[in-house]
Amino acid sequence: MKNKEMINRLKDNAELAMAAYGYFHLADSKYDFNKDSTDKERLEYFREKIAKNQTAIPTPADILNIEHKYFKDNNGKPKDSWYHKHFLGGDFSPLQAKRFFEKYDLLEHCSNTESGFSATLFGEKRKQTNTESKATQYTNDYGYTNYILAFRGTEL
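Going by our numbering, 69 is the number at position 88 of the sequence shown; the sequence numbering is gapless.
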């Protein structure tokens, strides 16, 4: 493996490890937000301030986006002190989050269990080149090249 390939692979693995800490249960339309007051507050804030739509739920790209890491005060400044809860907790730039989900699909997410277990399964899309335009894009039309299972440590 050449140096450039190794660096790209390390970068991809680092992004996958960072992405494993996303609050992806919030992107599940079947999730019961009334179970947790913090999650209910996150959803209400997202619908009011970000989406401006009372039926919207965050997308996986929204969850990883660093612009949505913290709740914001009335002046638009992040409430990032130790006593404030994170909003969606993302650490990716908006472009990085968009590109991440162009390359990977979120297949399954198991949010924190009573024992503290949490894991996320990603599928790496196949790279395909359009024969006419020569443009390269990722697709899951023919399955995935890799499945990546990411475990994370959680707070109890």
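Cβ atoms here follow ideal geometry from the backbone N, Cα and C, with glycine treated the same way.
Given the structure is predicted, the values throughout are model-derived calculations rather than measurements.
Counting along the chain, the unbroken beta strand (DSSP E) around Asn121 starts and ends at 117 to 132. In this structure, DSSP gives Asp54 a state outside helix and strand, which the three-state scheme calls coil.
For Leu88, the closest C-alpha among the options Pro41, Phe14, Tyr123 is that of Pro41.
The criterion of a C-beta distance shorter than 8 Å is not satisfied by Tyr51 and Asp43.
Assignment of beta strand (DSSP E) within the stretch 28 to 112, counting only whole runs of 3 or more residues, yields 85 to 91, 100 to 110 in chain order. For Tyr12, there is no enclosing alpha helix (DSSP H), as DSSP gives it neither H nor E.
Between Ile(-12) and Leu7, the C-beta gap is not smaller than 8 Å, which leaves the two residues out of contact. Of the residues Gly3, Asn(-6), Lys(-17), the one whose Cα lies closest to the Cα of Asp72 is Gly3.
For the options Gly134, Arg107, Thr126, the alpha carbon positioned closest to that of Ser96 is the one of Gly134. The C-beta of Ser114 has fewer than 16 other C-beta atoms within 10 Å across all chains shown, which makes the residue exposed.
C-alpha of Thr117 to C-alpha of Lys11: approximately 34 Å in a straight line. Here Ala0 is buried: its Cβ has 16 or more other Cβ atoms, across all protein chains shown, within 10 Å. Assignment of Ser114 by DSSP, reduced to helix, strand and coil, places it in the coil class. DSSP places Asp20 in the uninterrupted alpha helix (DSSP H) bounded by 18 to 26. Taking 8 Å as the cut-off, the beta carbon of Glu48 is found closer than this to the beta carbon of Pro75. Per DSSP, reduced to three states, the secondary structure at Met(-18) is coil, with no helix or strand assignment.
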